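K.L.:
Submitted below is the structure of interest, expressed as structure tokens.
Number of protein chains: 2
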Amino acid sequence: MIRQITEDRKKRIDGVLARRQKDLTLIMDNIWDPHNVSAVLRSCDAFGVAGVHLYYTDSQWPDLAKKTSGSAKKWIELTRHVDAADMVGHLKAQGTRILRTGFSESARPVMDFDFTKPTAIILSNEHRGTSPELAELAPDEIYIPMQGMVQSFNVSVAAAIILYQAFVQRDAAGMYDNPSFSREELESLKTEWYSR
Amino acid sequence: MIRQITEDRKKRIDGVLARRQKDLTLIMDNIWDPHNVSAVLRSCDAFGVAGVHLYYTDSQWPDLAKKTSGSAKKWIELTRHVDAADMVGHLKAQGTRILRTGFSESARPVMDFDFTKPTAIILSNEHRGTSPELAELAPDEIYIPMQGMVQSFNVSVAAAIILYQAFVQRDAAGMYDNPSFSREELESLKTEWYSR
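From first to last, the protein sequence lines are chains S and A. Each residue of the first sequence is one higher than the one before, starting from 1 at the first, in this note's numbering. Each residue of the second sequence is one higher than the one before, starting from 1001 at the first, in this note's numbering.
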């Protein structure tokens, strides 16, 4: 069966694909709560993240079928990994800087980073933090300055704030005005998205 | 019984109170989901919001006792209202601009606002949006630009992003370096917070 697609929807998809940022990504490191995973993917969609990397070694990738906001999942390319060195090596070979959330002495605030550069941000398990083998490969820490009594952010809130900061910088630099995918990549993505 | 308080904790409380922003606030308009309410309060604490206004007319104020992140509630002054005109009038009399999230033609993006000015942001019920009587009193709309296929943010994510934007501006303007409360207000708050 061929599903009908309206011109409006085609236009919408074309516009969203033209704004997708190929070189802004997240690594989801064993985030287990489906609320959080679903909210993170929704923020990715909203700020034009094309794909995220799933590093699930201790936790199961949660079932998002029952989440009302699970629909964002449909529009984000998910790539699974089990080998941290392989994943990090591949990203670094593409010129991607890798950051992880953390509060060590050398950590720098989110406002201090230039997110117009190719960047991957590791978001970690709610209880255990960044997997040690991954932390070792990606020592650069980023934090959101907190002014209050409670000393942590929910992981989906942290993701949203970091991606918003990246969006503001990339938007100011005009990076949402020109596609980050090549013409060929765009054509192939369009064909695929039209059928979703 | 008098509870012991360590010098470290006193210092911590003093520091947090010195960074509290008296003139940055939220109006929670019938937000019903305890996850969302709890996450919003956590972001308030993190970005130095001193107090929020609770406008609950259709929904019950949710029970936060079971939320692990409910502890932020302890550090935010909660003021209940049932009369929208009274609440809005009181805020306006203090020189507070009131914004609500929305997408009408006159809505402006979050990056375009000057949050160093006294500001209250209305965050609304997850399903019904802003209460009509409140919307009428506060017509100015603010939105977070979205680049994706899904057309809405979770309310706690929206709150976090707006408060982060306010924080960045206020931080750059040095507003976290000098207390927004008077010396008398601070002394009274300290006494109260030490016993919490």
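Glycine included, each C-beta is placed from N, C-alpha and C at the ideal position. Because the structure is a prediction, the values reported are computed rather than measured.
1. Give, in chain order, every unbroken run of the alpha helix (DSSP H) that is at least 4 residues long and sits entirely within the region 93-154 of chain S.
2. Taking only three categories from DSSP, how would you classify A:E1051?
3. Does the beta-carbon distance from S:I144 to S:P109 come in below 9 Å?
4. May I ask you to verify whether the region 1168-1186 of chain A touches the region 1126-1136 of chain A, counting CB pairs closer than 8 Å and requiring at least 3?
5. Over what stretch of residues does the alpha helix (DSSP H) that includes A:R1183 continue unbroken?
6. Going along the chain, which residues of the region 37-52 of chain S sit with their C-beta nearer than 7 Å to a C-beta in chain A?
7. So, at 6 Å on beta carbons, what are the nonlocal neighbours of S:R170 in its own chain, with the 5 sequence-adjacent residues on each side left out?
8. Could you check what DSSP says for A:Q1021 in three-state terms: helix, strand or coil?
9. Just the chain A side, please: which residues come within less than 7 Å of S:G174 by C-beta, in chain order?
10. In the DSSP assignment, find the unbroken beta strand (DSSP E) run with A:L1078 in it and report its ends.
11. Between S:N154 and chain C, is the shortest Cβ-Cβ distance under 9 Å, so that the two count as touching?
12. Taking contact to mean 3 or more Cβ pairs, one atom from each stretch, closer than 8 Å, check whether the region 1001-1020 of chain A and the region 43-62 of chain S are in contact.
13. Is there at least one Cβ from chain S nearer than 9 Å to A:R1128's Cβ?
14. Tell me S:M28's beta-bridge partners as DSSP assigns them.
15. So, using beta-carbon positions, are S:L26 and S:V52 closer together than 9 Å?
16. Could you name the residues of chain S that A:M1149 contacts, counting a contact when the two beta carbons are closer than 7 Å?
P.N.:
Here's the rundown:
1. 132-137
2. The identity of residue 1051 of chain A in the sequence shown is Gly, whereas the question assumes Glu. A:G1051: strand per DSSP, three-state reduction.
3. yes
4. no
5. 1183-1194
6. A39, R42, S43, D45, A46, F47, G48
7. T116
8. strand
9. Within 7 Å Cβ-Cβ: nothing; S:G174 doesn't reach chain A, min ~13 Å.
10. 1077-1081
11. Among the protein chains of the structure shown, namely S and A, there is no chain C.
12. A contact is defined here as three or more CB-CB pairs under 8 Å, and the region 1001-1020 of chain A fails this definition with respect to the region 43-62 of chain S.
13. By this cut-off, A:R1128 is not an interface position.
14. S:L54, S:L123
15. yes
16. V16, D45, W75
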